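Read the structure below first, then the notes.
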Amino acid sequence: MILKNAIYIDWETLEFKKTHIKVNPGTNASIEFIGKIDEQPGTEIIDCEGKLVTKSFAVGHHHVYSALAKGMPAPRKAPENFREILRYVWWTLDKSLDKDTIEASALASAIACAKSGCTFAIDHHASPNYIEGSLDIIAKAFEKVGLSHLLAYEITDRDGMDKAQKGLEENKRHLQKHQGLVGMHASFTVSDETMKKAADLMQQTNSGLHIHVAEGMYDQTHCMDNYGKRVVERLNEYGFLNNSKTLLIHGLHLSDQERQIFKSAPAWVVENKESNQNNNVGHFNGQGLGENIMLGTDGMHSDMLQSAKAAFFAGQGVDNIDFPGAYQRFRNAHRYLAQNSFDGDGENNLVVLDYDGPTALTSENFLGHFIFGLSSNHVQHVISDGELIVKDKKMQTVNEAEVLAFTKEQSLRLWDAMQKQG
């Protein structure tokens, strides 16, 4: 594939280059800047005159299982706090998932990611009544659409020790065949016994932990009441933080001591601003956490450009974030993936943006356009591992109309199942 007459923006330096780009196919393959186009038989040439080409995007934390929540009926009880939001909304939803609704959720999420310029997603899954094989369903759906992935099953004791063990086994089974992480819900739903097993599995599989941390204050008070320490201290004692693959999700209610522990460790934290606002749990503040901060969506949507804007605008006055900081957090998922040698985020993952703003666009003022101008509406084409998966805003790998008919049907089944839960 050749992208002709492109304005290439280096995602790290923001250097602009007018060039033709040869895109080599395959996982972790390269791109080449060429001065002359040699039209070999079978070469697809896409005219990018006036278009911007840059590295595609990655979701640092997603919840595929929430994809069918849009428009769902109200819960049987209006939640009065974050724990009730979990109990009456998300834990009711995840317990209602089955094979078909998991597949529909994964396909819907993958398409939404692709059409917003994302070619890699790190997902944190839960389906307590359909655990075994659930990660395979998601992996196949993602690969069908053309997305690379890093999946984990959310281990928790909240549905009993038998299902906690099944969650451990699902992570282990998946990690034997795929790159991934060991998932865990949150400290307040995980016993020492289960946490030790998860730590052992992480070591055995040379993976990292993917866990919710201090999203609400209850996570901290529960930890203090039951273990005499704060959440980051508890996780650190099990060796989770001394691992560059570990992802701590949210990290809102952290003490200065916890921030220092995190800053001194190679683990990463993932900010999910819109979800925090939606659940009214507090504000993320990167102060004292160092550079290992990236952005996710927490399943609210699949649009990382939107997440970056939310982190910047809602962070004013409560976070130490500026234009370069917002962009760095937005792009840090690539650094995380490269640092840990995960596959699927090579140079040949690209997005072509049809963006012609009302003012001059240069390397020097790109970040102003990034915050105030660029949006997923400007995504024209998306290339994943050298394959064109979105062309002229239309999916190329799946029949979107057929998929959406399936997801609509499954959403009604899911909502009905949720209403039947006592």
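For the record, in the sequence shown the residue sitting at position 371 is 590 according to the numbering used here, with numbers rising by one throughout. Cβ coordinates follow ideal geometry from the N, Cα and C atoms, glycine included. Note that this is a predicted model, so its numbers are computed, not measured.
Residues bridged to residue i (per DSSP)
{"i": "Leu-514", "result": "Glu-490"}
{"i": "Phe-459", "result": "Paired residues: none, contrary to the question."}
{"i": "Cys-442", "result": "Looking at the DSSP assignment, Cys-442 forms no beta bridge with any residue, so it has no partner."}
{"i": "Ala-545", "result": "BP columns for Ala-545 are empty, so no partner."}
{"i": "Met-403", "result": "Ile-374 and Ile-430"}
{"i": "Met-523", "result": "The partner list for Met-523 (beta bridge, DSSP) is empty, contrary to what the question assumes."}
{"i": "Ala-340", "result": "Val-278 and His-368"}
{"i": "Val-242", "result": "Ile-250"}
{"i": "Asp-266", "result": "Lys-223"}
{"i": "Val-500", "result": "Partner(s): none; Val-500 has no beta bridge."}
Neighbourhood of residue i by C-beta distance below 6 angstroms, restricted to the same chain and skipping five residues each side
{"i": "Phe-361", "result": "Ala-329 and His-368"}
{"i": "Thr-424", "result": "Leu-394"}
{"i": "Leu-473", "result": "Ala-433"}
{"i": "Ala-529", "result": "Lys-492 and Glu-493"}
{"i": "Asn-511", "result": "Trp-487"}
{"i": "Ser-410", "result": "Asp-376"}
{"i": "Ile-265", "result": "Leu-222"}
{"i": "Gly-489", "result": "In the sequence as presented, Gly is not what sits at residue 489; that position holds Val. Around Val-489: Gly-279, His-280, Leu-466, Ile-468, Met-513 and Gly-515."}
{"i": "Phe-585", "result": "Leu-233"}
{"i": "Asp-319", "result": "Gln-629"}
Neighbourhood of residue i by C-beta, 8 angstroms cutoff - its chain only, sequence neighbours within 5 removed
{"i": "Pro-292", "result": "Trp-634, Met-637 and Gln-638"}
{"i": "Gly-565", "result": "Thr-246, Asn-247, Ala-248, Ser-249 and Asp-604"}
{"i": "Asp-538", "result": "His-502, Phe-503, Asn-504, Gly-505, Gln-506 and Ala-530"}
{"i": "Glu-263", "result": "Met-220, Ile-221 and Leu-607"}
{"i": "Lys-385", "result": "Ile-350 and Glu-351"}
Contacting residues, own chain, Cβ-Cβ under 7 angstroms from residue i (five flanking each side not counted)
{"i": "Glu-234", "result": "Ser-582"}
{"i": "Pro-347", "result": "Asp-313, Lys-314, Asp-378 and Lys-382"}
{"i": "Ala-288", "result": "Leu-312"}
{"i": "Met-519", "result": "Glu-493, Ser-494 and Asn-497"}
{"i": "Gln-599", "result": "Lys-270, Val-571, Leu-572, Asp-573, Asp-611 and Lys-612"}
{"i": "Val-500", "result": "Phe-301, Glu-434, Gly-435 and Leu-471"}
{"i": "Gln-615", "result": "Leu-607, Ile-608 and Val-609"}
{"i": "Met-443", "result": "Arg-449"}
{"i": "Ala-333", "result": "Val-364, Gly-365, Leu-366, Val-601, Ile-608, Val-609 and Met-614"}
{"i": "Gly-576", "result": "His-588 and Gly-592"}
{"i": "Ile-304", "result": "Pro-298 and Asn-498"}
{"i": "Gln-398", "result": "Leu-369, Phe-561 and Asp-562"}
{"i": "Thr-408", "result": "Thr-375, Asp-376 and Arg-377"}
{"i": "Gln-558", "result": "Ser-463"}
{"i": "Gln-640", "result": "Thr-311, Lys-314 and Ser-315"}
{"i": "Ile-590", "result": "Lys-528, Phe-531, Phe-542 and Ala-545"}
Endpoints, the beta strand (DSSP E) within which residue i is located
{"i": "Val-571", "result": "569-572"}
{"i": "Lys-415", "result": "No beta strand (DSSP E) holds Lys-415; the alpha helix (DSSP H) holding it covers 411-424."}
{"i": "Leu-381", "result": "Here residue 381 turns out to be Asp, not Leu, going by the sequence shown. Premise fails: Asp-381 lies in the alpha helix (DSSP H), 380-394, not in any beta strand (DSSP E)."}
{"i": "Ala-225", "result": "221-228"}
{"i": "Thr-581", "result": "Thr-581 -> no beta strand (DSSP E), and no H or E assigned at all."}
{"i": "Gln-506", "result": "Run containing Gln-506: none; DSSP gives neither H nor E here."}
{"i": "Lys-610", "result": "606-610"}
{"i": "Leu-471", "result": "That residue, Leu-471, is in no beta strand (DSSP E); it is neither H nor E in DSSP."}
{"i": "Val-308", "result": "Run containing Val-308: none; DSSP gives neither H nor E here."}
{"i": "Ile-602", "result": "598-603"}
Exposure label - residue i; buried when at least 16 CB within 10 Å
{"i": "Ala-225", "result": "buried"}
{"i": "Glu-231", "result": "exposed"}
{"i": "Asn-567", "result": "buried"}
{"i": "His-380", "result": "The residue asked about is misnamed: residue 380 is Met in this sequence, not His. Met-380 comes out exposed."}
{"i": "Asp-342", "result": "buried"}
{"i": "Glu-322", "result": "buried"}
{"i": "Asn-618", "result": "exposed"}
{"i": "Glu-628", "result": "exposed"}
{"i": "Thr-578", "result": "exposed"}
{"i": "Gly-447", "result": "exposed"}
Anticipated Cβ contact below 8 angstroms, residue i with residue j, distance rounded
{"i": "Ser-560", "j": "Leu-366", "result": "With a Cβ gap of about 19 angstroms, Ser-560 and Leu-366 do not count as contacting."}
{"i": "Val-278", "j": "Ile-240", "result": "Not quite, the Cβ-Cβ distance comes to about 24 angstroms (not below 8 angstroms), so this is no contact."}
{"i": "Leu-387", "j": "Leu-370", "result": "So it is not a contact: roughly 15 angstroms between Cβ atoms."}
{"i": "Glu-477", "j": "Glu-452", "result": "7 angstroms"}
{"i": "Arg-548", "j": "Leu-514", "result": "5 angstroms"}
{"i": "Ile-374", "j": "Met-403", "result": "5 angstroms"}
{"i": "Ser-526", "j": "Cys-337", "result": "The pair is not a contact, with the Cβ atoms about 10 angstroms apart (cut-off 8 angstroms)."}
{"i": "Ile-480", "j": "Leu-466", "result": "Rounded, the Cβ-Cβ distance is 16 angstroms, inconsistent with contact."}
{"i": "His-431", "j": "Ala-405", "result": "4 angstroms"}
{"i": "Lys-236", "j": "Phe-252", "result": "7 angstroms"}
{"i": "Leu-400", "j": "Gly-427", "result": "5 angstroms"}
{"i": "Lys-324", "j": "Ala-358", "result": "Note on identity: in this sequence residue 324 is Ser, with Lys being the wrong assignment. 13 angstroms between Cβ atoms; not a contact."}
{"i": "Met-523", "j": "Phe-276", "result": "4 angstroms"}
Contact with chain E by residue i, beta-carbon distance below 8 angstroms
{"i": "Ser-315", "result": "The chain inventory of the structure shown lacks chain E, comprising one protein chain alone."}
First and last residue of the uninterrupted alpha helix (DSSP H) at residue i
{"i": "Asp-635", "result": "619-639"}
{"i": "Cys-332", "result": "318-334"}
{"i": "Gly-587", "result": "585-591"}
{"i": "Gln-479", "result": "475-482"}
{"i": "Ile-540", "result": "Premise fails: Ile-540 is in no alpha helix (DSSP H) and is neither H nor E."}
{"i": "Ile-304", "result": "301-304"}
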